[in-house]
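Student: Going by our numbering, the first residue of the sequence shown is number 1205, and it counts up by one from there.
For glycine and all other residues, C-beta sits at the position ideal for the given N, C-alpha and C.
The structure displayed is predicted, hence computed values, not measured ones.
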Amino acid sequence: MALSLDNASLRVGDKWLIEPLSLTINHGERVALIGESGAGKSSLLSLLRQAHESQVAWCPQAPALVPMLSLYNNVYMGQLHQRPLWKNLVNLFKPAANDWQQVLKLATDLGLTQPDNHRLTQSAERFSGGEQQRIGIARALFQKRPIFLGDEPVSAVDEKHAKQLLSQIALAHDTVVVALHDVELATQCCDRIIGLKQGKVVLDCPSTELSAQQLYSLYPSHQHRSDSPIFESVQ
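1) Rounded to whole angstroms, what's the CA-CA distance from A1374 to V1387? Just pull it up for me.
2) Which residues mark the beginning and the end of the beta strand (DSSP E) in which G1334 is found?
3) List the endpoints of the continuous beta strand (DSSP E) containing K1404.
4) Mind reading off the beta-carbon distance from V1279 to I1339? Whole number of angstroms is fine, and I expect it under 8 Å.
5) Could you tell me whether the stretch 1379–1396 touches the stretch 1227–1247, using the rule of 3 or more Cβ pairs below 8 Å?
6) Rounded C-beta distance between L1422 and G1242? I'm assuming under 8 Å.
7) Which of the three DSSP states is assigned to E1223 in this structure?
8) Report all residues from its chain with a CB closer than 7 Å to the CB of W1262; omit the five preceding and five following residues, and keep chain order.
9) Using CA atoms only, rank isn't needed, just tell me which of Q1286, L1308, L1284 and L1293 is closest to Y1276.
10) May I have a chain-ordered list of the alpha helix (DSSP H) segments no shorter than 4 residues that lie completely inside the stretch 1340–1392?
11) Output the boundary residues of the alpha helix (DSSP H) element that contains A1311.
12) Under 8 Å by Cβ, that's how I've got A1206 and C1394 pegged, so tell me the actual separation to the nearest angstrom.
13) Report buried or exposed for P1357, applying the criterion of at least 16 other Cβ atoms within 10 angstroms of its Cβ.
14) Of all the options E1329, D1408, S1371 and G1399, which has the alpha carbon lying nearest to the alpha carbon of Q1392?
15) Taking the alpha-carbon positions, what's the E1363 to L1389 distance?
16) Just the Cα atoms here: how many angstroms apart are S1250 and Q1286?
17) Measuring only the C-alpha atoms, how far is T1317 from A1342?
In structure tokens:
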């Protein structure tokens, strides 16, 4: 299914976080939202999520894990609202074999554990920042929804692993929209780039057509730095 917004906006007091806009993201697209901090990327994701909540797997930048709960239980929380209360309570003490195997596969695929599965029972607070972000991704994947929305979902991992994670996310979902601070990563892993500035969409093009001039407009604080990593992907 496509994601669409029709004259949508977001405002807090007198400040527009997102000025009125209409936007369509087609089924199958891999879309990156780029722009400086405060440009409106997170706010646009929020509007998309509200408009299509039942179809969206959501992955925030800070995964909001429960520190004392295990890796397994934090991932299982992705389906918490899809299960009856009694099953969720039982799961805390005796996970169903099918759920355990599904979470184990996700954790293994995302590099969080090995098939011996001993890390599934470790509390989330014992994992590094990058690993905790992977747990957040695993929880989103466990929701098994067709659309993935992520707010800097790979910001805490290195470039190599970021590419791998975005590839796994793309394989598991029909449509992907992610806010990324790394423009090179955005152009390599997504087929459409949407640029935001002061709550407005000022750029919308295929990743293969992104130009340095467009990036200069999006990132004015970097435009006098020819060595800025922001522009490496188009030089």
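Tutor: Answer, in terms of the structure:
1) Whole-angstrom Cα-Cα distance: 18 Å.
2) Looking at the DSSP string, G1334 is not in any beta strand (DSSP E); the run it does join, the alpha helix (DSSP H), is G1333 to F1346.
3) Start and end: K1404 to P1410.
4) A Cβ-Cβ distance of about 6 Å is found for the pair V1279 and I1339, placing them in contact under the 8 Å criterion.
5) These segments touch.
6) Your pair L1422 and G1242 does not check out as a contact, with CB atoms roughly 12 Å apart and the cut at 8 Å.
7) Strand.
8) Only R1253, A1344 and L1353 meet the Cβ criterion.
9) Among Q1286, L1308, L1284 and L1293, the Cα nearest to that of Y1276 is on L1308.
10) Inside the stretch 1340–1392, DSSP marks whole alpha helix (DSSP H) runs of 4 or more residues at positions 1363–1376, from first to last along the chain.
11) For A1311, the uninterrupted alpha helix (DSSP H) segment begins and ends at A1301 to D1313.
12) So it is not a contact: roughly 16 Å between Cβ atoms.
13) Within a 10 Å sphere around the beta-carbon of P1357 sit 16 or more other beta-carbons, which makes this residue buried.
14) Comparing Cα positions, the closest option is S1371.
15) Each residue's alpha carbon lies about 8 Å from the other.
16) Rounded to the nearest angstrom, the two C-alpha atoms are 21 Å apart.
17) About 12 Å.
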